[in-house]
Amino acid sequence: MNKKEIIEKTELFVKQTLSKDSTGHDWWHIHRVRNLAKRIARYESADIFIVELAALLHDIGDYKFFQGDEEAGAAKVGEWLSSLEISPSLINEILEITSRVSFMHTLSDKGKVGGKKNSAIPTLSKELMSVTDADRLDAMGAIGIARAFTYGGFFNRPIYDPAIKPSKSITGEEYKTTEAPS
1 MNKKEIIEKT
11 ELFVKQTLSK
21 DSTGHDWWHI
31 HRVRNLAKRI
41 ARYESADIFI
51 VELAALLHDI
61 GDYKFFQGDE
71 EAGAAKVGEW
81 LSSLEISPSL
91 INEILEITSR
101 VSFMHTLSDK
111 GKVGGKKNSA
121 IPTLSKELMS
131 VTDADRLDAM
141 GAIGIARAFT
151 YGGFFNRPIY
161 DPAIKPSKSI
171 TGEEYKTTEA
181 PS
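When we follow full-length UniProt numbering, the leftmost residue of the sequence shown carries the number 1, and every step to the right adds one.
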């Protein structure tokens with residue numbers, strides 16, 4: 001199967017998988033991230049095929065949709081990639097990207113948010129950075145705000161609770177298990 005066929009087949013798989021999503025991680029989010037990631041990748045001289053494939057799959061295995069189980073999500077992405085009969089090294093590269101796009105992975109166990117340097121963050125590939133940056137950019141602006149409230153509503157979180165103070169420092173595990181308002 002050539003690269004174009006792999007992308008087309010994966011696009012169809014993602015559309016079918018996310019067609020009924022109501023968390024803000026729907027096909028149109030994937031579409032925006034994919035297009036922006038490709039633009040970033042071109043600018044950064046990253047591998048466009050890897051970026052596009054990873055961007056298409058970046059939310060398919062998201063731990064949030066597998067009751068917090070990161071391995072179950074990665075297995076679903078791995079099964080899909082294996083069905084495409086692509087090389088094990090390419091499968092591993094895509095899995096490395098899709099498993100690290102989540103904001104949670106920018107936090108260490110001593111994680112700091114809010115402009116503090118996190119020395120635990122490893123060097124990232126241009127491909128991973130392209131997809132991650134595109135995903136973060138889609139979380140901004142009017143659509144990003146709408147997605148945040150949609151996600152919170154899906155998980156029955158309040159929009160605002162003055163009794164819950166904003167956190168200035170959060171670990172990856174705290175982020176993963178939070179019940180904080182949208």
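Heads up, the beta-carbon is just placed ideally off N, CA and C, and yes, glycines get one too.
Across the structure, A37 and D161 are spaced so that their CA atoms are roughly 35 Å apart. Where N35 is concerned, the enclosing alpha helix (DSSP H) starts and stops at W27 to E44. With fewer than three CB-CB distances shorter than 8 Å, the segment 7-23 does not count as touching the segment 124-137. From the listed residues S167, I97, P166 and I86, the smallest Cα separation to I6 is found for I86. In this chain, the alpha helix (DSSP H) harbouring N92 covers P88 to T98. If you draw a straight line from the Cα of S19 to the Cα of E11, it is about 12 Å long. Using a 10 angstroms sphere on the CB of G61, the tally of other CB atoms reaches 16 or more, which defines it as buried.
Cβ contact annotation for A74 (same chain, cutoff 7 Å, sequence separation greater than five): G61, L95 and S99, in chain order.
Straight through space, the alpha carbons of R39 and A134 are spaced by roughly 9 Å. Judged by beta-carbon spacing, I164 lies beyond the 8 Å limit of F149, meaning their Cβ atoms are not closer than that value.
Nearest Cα to K9 within the set L57, G144, D138 and A139: L57. With fewer than 16 neighbouring CB atoms inside 10 Å of its own CB, S45 falls in the exposed class. Secondary structure at D135: helix, using DSSP grouped into helix, strand and coil.
For E11, the uninterrupted alpha helix (DSSP H) segment begins and ends at K3 to L18. With 16 or more other CB atoms across the displayed protein chains lying within 10 angstroms of its CB, A55 is buried. Shown here, L53 sits in a helix according to DSSP, grouped into three states. Within the same chain, no Cβ atom closer than 8 Å to the Cβ of A142 is found once the five residues on either side in sequence are excluded.
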